[in-house]
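Accompanying notes for the structure given below.
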Amino acid sequence: MQQSKPSPLAWRLMGPANPLPPHLVFQIAMWIEAAPTFTSFLEALDGDRGLLEPFWQHYQVVQDSTTWWPKLQLKTMDSTSYMVIAAIAKHYTDVVILSGE
468 MQQSKPSPLA
478 WRLMGPANPL
488 PPHLVFQIAM
498 WIEAAPTFTS
508 FLEALDGDRG
518 LLEPFWQHYQ
528 VVQDSTTWWP
538 KLQLKTMDST
548 SYMVIAAIAK
558 HYTDVVILSG
568 E
């Protein structure tokens, strides 16, 4: 008989008593190279994203993560997205400003 994996809720209930510190979770995320893996990591944090919250907010607006991870590519920026972009841009080594067509 194959043993099933515990559900995410079970993992939270059975997981370590002392979860990883937020700054360590952030550092791990910064080493993720693939956009789909990065967004899956954000989703797995399930509400407690800490320092990664601005990335999550940006992901909710810009679903195509290849345009913002691992390189931030900006085409337009409105006043609504400015604060989120300002919060995440400082963590990138590559930011590309695309000209509007």
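Here the sequence shown is numbered in the working numbering, starting from 468 and rising by one per residue. Yeah, the Cβ is synthetic: ideal placement off N, Cα and C, and Gly gets one too.
First and last residue of the uninterrupted beta strand (DSSP E) at L541 = Against the sequence shown, residue 541 aligns to sequence position 74. 539 to 541 is the extent of the beta strand (DSSP E) around L541.
Cβ-based burial, A553 [other Cβ within 10 Å; buried from 16] = For the purposes of this step, residue 553 is taken as the residue at position 86 of the sequence shown. Exposed, since its Cβ has fewer than 16 Cβ neighbours within 10 Å.
Do you know whose CA, among T547, E510, Q527, Y559, lies nearest Q540's CA?
-> Your numbering for residue 540 matches position 73 in the sequence shown. Considering only alpha carbons, the answer is Y559.
For I564: DSSP bridge partner residues = Here the question's residue 564 lines up with position 97 in the sequence shown. DSSP lists L541 as partners of I564.
For S548, I'd like the list of residues in its chain whose CB is within less than 6 Å of its CB, leaving aside the five on either flank, ordered along the chain.
-> Translated into positions along the sequence shown, residue 548 becomes position 81. Taken in chain order, the list of residues that qualify is empty.
Among G517, S507, T504, L565, which one has its Cα closest to the Cα of V492?
-> For the purposes of this step, residue 492 is taken as residue 25 along the sequence shown, with counting starting at 1. Selected option, being the one with the closest Cα: G517.
Pick helix, strand or coil for E500, following the three-state DSSP scheme.
-> If you number the sequence shown from 1, residue 500 lands on position 33. Residue state, collapsed to three classes: coil.
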